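Undergrad: Position 75 of the sequence shown, counting from 1, maps to 66 under our numbering, and the rest follow consecutively. Structure incoming, see below.
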Amino acid sequence: MFKTITVSFGYLYRCVLIVGVFLALTVTTVGSILLFHRMYYRGQRLFTYCAQTKFIRPRPVDSMLFFFLMYNIARIIQVIIVITDVSPNIVFRSFLYELPWQFGVAGFSCYFFGIAHTVADTSEKIYTDWFDNPKLIDVVCTCIIFAPFISNNIYSIVAGNYAQNGLIQDATVTTRAMYFMWTLYFAIVFIFIFVAGCRLLRLLNKNMDSRNGYACNLDHIKTCAFKLLDL
């Protein structure tokens, strides 16, 4: 009986993975077409260079779309390896399992920081009131995007190596440390977005109140909204 339940669960799990792969392939195909259209026909770019701070700045929609596509591609490869069991190496599997999440965090971070930089292009006064130090924002943005690729890949490879050699306790400790780093990254992004969002809303409300009664206000707000969406 228990053997039948185990076999049935394994079959169901395999079917769920296969369905997930086909859905991810569909999303990846549509997203790739959309990204190609935006970059080739509309001349959009993933990043721009800021001469003032000497940092690259992500474009909100395009960079987010690119990293989400990379997330889907990495997840598809990881699931196919699990289904076919073509690479039993634990180190490689540990690395590949964590890699997609790094692209996901980078995508969310690019969108938020891209919006912040688009605000700078729309209204320099609002941006300087919103962020006191633009270079600090670029440093934080760069760290949040690229740091998980460095720290968490090291943790995943070390944990996989411990597991490969039978050191389960050491692998468990390393994995917990890696998920602590994930918690830290997500907390930083969430706090930053929450605080910056509340501050931006206050600034926009203050700006609208100070211009109350001007007919050009609505058109200006619409223009800013379209620039923020970058659609």
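Glycine included, each C-beta is placed from N, C-alpha and C at the ideal position. All values reported here derive from a predicted model rather than from experimental measurement.
Indicate whether the contact test is met: 3 or more Cβ pairs, each with one atom in the segment 139 to 146 and one in the segment 166 to 178, closer than 8 Å.
TA: Enough Cβ pairs lie closer than 8 Å, so yes.
Undergrad: Apart from the five residues just before and just after LEU16, which ones in its own chain have a Cβ nearer than 7 Å to its Cβ?
TA: Excluding sequence neighbours, LEU16 sits near ILE67.
Undergrad: Check for me: the beta strand (DSSP E) holding ARG48 runs from which residue to which?
TA: Taken as a continuous stretch (DSSP letters only), the beta strand (DSSP E) holding ARG48 covers 46 to 49.
Undergrad: For the beta strand (DSSP E) containing TYR40, name the first residue and the last one.
TA: Segment 38 to 41, the beta strand (DSSP E) holding TYR40.
Undergrad: Can you tell me the Cα-Cα spacing of ALA154 and PRO139, whole angstroms?
TA: Going by the C-alpha atoms only, they are around 21 Å apart.
Undergrad: Rounded to the nearest angstrom, how far is the Cβ of PHE86 from that of ILE148, given a contact under 8 Å?
TA: At roughly 5 Å, the Cβ-Cβ gap stays under 8 Å, so PHE86 and ILE148 are in contact.
Undergrad: Flag this pair as yes or no: are the beta carbons of PRO49 and PHE38 separated by less than 7 Å?
TA: Yes, the pair counts as a contact, with Cβ atoms nearer than the cut-off.
Undergrad: Taking Cβ to Cβ, would you say PRO51 is nearer than 7 Å to ILE136?
TA: Result no, Cβ atoms of PRO51 and ILE136 do not sit closer than 7 Å.
Undergrad: PHE94 and MET55 - do their beta-carbons sit closer together than 7 Å?
TA: Taking 7 Å as the Cβ cut-off, MET55 and PHE94 do not qualify as a contacting pair.
Undergrad: Where does GLN35 sit, in a helix, a strand or coil, going by DSSP?
TA: If DSSP states are grouped into helix, strand and coil, GLN35 belongs with coil.
Undergrad: Just how far apart, CA to CA, sit LEU90 and ALA187?
TA: For LEU90 and ALA187, the distance between alpha carbons rounds to 28 Å.
Undergrad: In angstroms with no decimal places, state the Cα-to-Cα distance between ASN152 and ALA162.
TA: Whole-angstrom Cα-Cα distance: 8 Å.
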